[in-house]
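So in the numbering used here, spot 261 of the sequence shown is number 261, and the numbers just go up one at a time. The beta carbon of each residue, even a glycine, is placed where N, CA and C say it ideally should be.
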Amino acid sequence: MELIIQPDKHAIATLVADSITALIDRKPDAVLGVATGSSPLTVYDELARRYEAGQVSFARTQAFMLDEYVGLPAEHPQRYRNVIEAEFASRVDIPAEAVHGPDGLAEDIPTACRAYDEAIAAVGGVDLQILGIGTDGHIAFNEPGSSLASRTRIKTLTGQTRRDNARFFDDDLNQVPTHCLTQGLATIMSAKHLMLVATGDHKAEAVHQLAEGAVSAMWPATIMQHHPHATVLVDEAAGSKLQLAGYYREAYETKPAWQSL
Ligand code: GLP
1 MELIIQPDKH AIATLVADSI TALIDRKPDA VLGVATGSSP LTVYDELARR YEAGQVSFAR
61 TQAFMLDEYV GLPAEHPQRY RNVIEAEFAS RVDIPAEAVH GPDGLAEDIP TACRAYDEAI
121 AAVGGVDLQI LGIGTDGHIA FNEPGSSLAS RTRIKTLTGQ TRRDNARFFD DDLNQVPTHC
181 LTQGLATIMS AKHLMLVATG DHKAEAVHQL AEGAVSAMWP ATIMQHHPHA TVLVDEAAGS
241 KLQLAGYYRE AYETKPAWQS L
């Protein structure tokens, strides 16, 4: 796992966008894994800016979402499908049919979840997965206690996550769904490159556990320690509890020029 401590979210977004544009350069039909939450928003801003400037095209890419709330009406602005459309897809040239997400309105949820994992496998897997992290260490919606071998399935959201996300629902906890569909930890781990973004001191403990804690279902993001190509990009605040911060900085500063992220 590579830890990169940057001054702010814009510096982080530049590095993630660099990796995505380099990937599309060498593989124009790349499969991107897209995440919701506030953490990736500056990445989407930077990708939209580069698309507008003619520096990258998403015309042949596909995008797979990490998760979706169960039961939100199709037109609800916080339905993750609509969030990804507004924040990313509508701002670049990715075709509408190339954006995929778990169906939170499916009548047969187990079948829909299986079909989603199969759809990811059918395109050869995700090449680069963007991730945020919850304050309780969840990635996608794999809450503490999630099986480290899980595949896409329904999960119950924790009270902590529902409180964290109430800000997107008029600060009204009652409006926050209780369930979601989420790629499992094994599904996420099958992506070829994981890039996790975290900013702010409320993420510091989760980032410390992710990189330096024991691998455990109690901090689901710790599974990333088993990934052969995981990059974690944090600002100073989110990196403030890292025990080996000095070493990570030195490793990044002295990184050979030929070695990409
Ligand atoms: C939600 C999403 C996660 C995201 C997390 C953190 O729970 N399902 O994918 O990582 O929020 O969100 P934020 O980046 O807004 O802190």
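The beta-carbon distance between Ala245 and Ser39, rounded to whole angstroms, is 20 Å. This is too long to meet the 8 Å contact definition.
DSSP, read as helix, strand or coil, puts Phe168 in helix.
The ligand GLP never approaches His10 closely enough for any of its heavy atoms to be under 8 Å from the residue's Cβ.
Here Thr42 has Lys9, His10, Ile12 and Ala13 as same chain residues with Cβ atoms under 8 Å from its own Cβ, once five neighbours each way along the sequence are excluded.
In the displayed model, His208 falls within a helix according to three-state DSSP. Relative to the non-hydrogen atoms of the ligand GLP, the Cβ of Ile139 comes within a distance shorter than 8 Å of at least one. If only complete runs of 4 or more residues are kept, the stretch 136-194 shows the alpha helix (DSSP H) at 159-165 and 185-189, in order along the chain.
Checking the 8 Å criterion, the Cβ of Ile188 is out of range of every heavy atom belonging to the ligand GLP. At least one heavy atom of the ligand GLP lies closer than 8 Å to the C-beta of Lys203. With fewer than 16 other CB atoms across the displayed protein chains lying within 10 angstroms of its CB, His226 is exposed.
Leu233: member of the beta strand (DSSP E) spanning Ala230 to Asp235, first to last residue. CA-to-CA, the gap between Leu32 and Leu181 works out to about 19 Å. Residue environment for Gln259: exposed (fewer than 16 other C-beta atoms within 10 angstroms of its C-beta).
Rounded to whole angstroms, Arg162 and Gln183 show a C-alpha spacing of 18 Å. With a contact defined as Cβ atoms closer than 8 Å, Ser150 and Asp201 miss out at about 29 Å.
Within the model, the alpha-carbon separation for Ala230 versus Thr36 is close to 19 Å.
Taking the CA atoms as reference points, Leu72 sits about 36 Å from Gly54.
DSSP places Asp67 in the uninterrupted beta strand (DSSP E) bounded by Asp67 to Tyr69.
Along the length of the stretch 52-115, whole beta strand (DSSP E) runs at least 3 residues long occupy 62-65 and 67-69, reported in chain order. Relative to the ligand GLP, Asp170 has its C-beta separated by 8 Å or more from all heavy atoms. Classified as exposed, Lys27 has fewer than 16 neighbouring CB atoms from the shown chains inside 10 Å of its CB. Straight through space, the alpha carbons of Met1 and Tyr247 are spaced by roughly 13 Å.
DSSP places Gly33 inside the beta strand (DSSP E), whose first and last residues are Val31 to Val34.
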